[in-house]
Structure formats: structure tokens, C-alpha cells
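What follows is a set of notes on a single structure, which appears directly below.
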Amino acid sequence: MMILAPFLVAVILGSIVLLITWGLIKMNYPLPLRNIPGILTTIAAIILFYIGFVTNRGFEGVAYGLLAFFLIFLQ
């Protein structure tokens, strides 16, 4: 459960980001605007990793770190 919950949250959030990006592609927006959802997700993952590593140590910090890891690599 410790790995499954962050993984499932990252899959759901990653799917939402991909749907938003797909919608922006379908509407023929320029490339920098299409990259904004992915960039914001990467920034959020870095912030979550920082919170998990510095602020919340222990098991809760590991959950934040795993969520950040899965967000980065499932994108």
C-alpha cells in the first residue's frame, strides 16, 4: 500500500495532464503553450520531493518522494 497509493495518484494526475495536453494539441495551440501542463507537473513533483525530503521525514516523507518520482517518470 505504501507504493501503490502514490503510484495510483500519480497515474491519475498524469492522465489528467496528458488529456489537457492532448486537448491543447487538438486546438492547435503553439508549442510553448502545449508544454505548460508538463512543466507545471514537473515543478509540482520537485516541490513534493522537497517537502517529503526536508519537511516530512519518515514514512510520510517517503510517500511524498514516491509520488514525486512517479509523477516525473510517468509523464
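For the sequence shown, the numbering used here begins at 1 and goes up steadily by one. By construction, the Cβ of each residue, glycine as well, lies at the ideal position given by its N, Cα and C atoms.
Quick one: Cα of residue i to Cα of residue j, how far?
i, j, result
"residue 24", "residue 48", "26 angstroms"
"residue 41", "residue 71", "7 angstroms"
"residue 53", "residue 65", "7 angstroms"
"residue 59", "residue 14", "23 angstroms"
"residue 26", "residue 69", "29 angstroms"
"residue 28", "residue 4", "36 angstroms"
"residue 32", "residue 51", "28 angstroms"
Ignore the nearest five residues each way along the sequence and tell me which others in residue i's own chain have a CB closer than 7 angstroms to its CB.
i, result
"residue 67", "6, 9, 10, 48"
Under 8 angstroms Cβ to Cβ from residue i, same chain only, skipping five residues before and after it: list those, please.
i, result
"residue 55", "61"
Between residue i and residue j, how many whole angstroms is the CB-CB distance? I'm expecting something under 8 angstroms.
i, j, result
"residue 2", "residue 63", "7 angstroms"
Worksheet entry | Touch test, the region 12–20 against the region 37–54, Cβ-Cβ under 8 angstroms, three pairs minimum | yes
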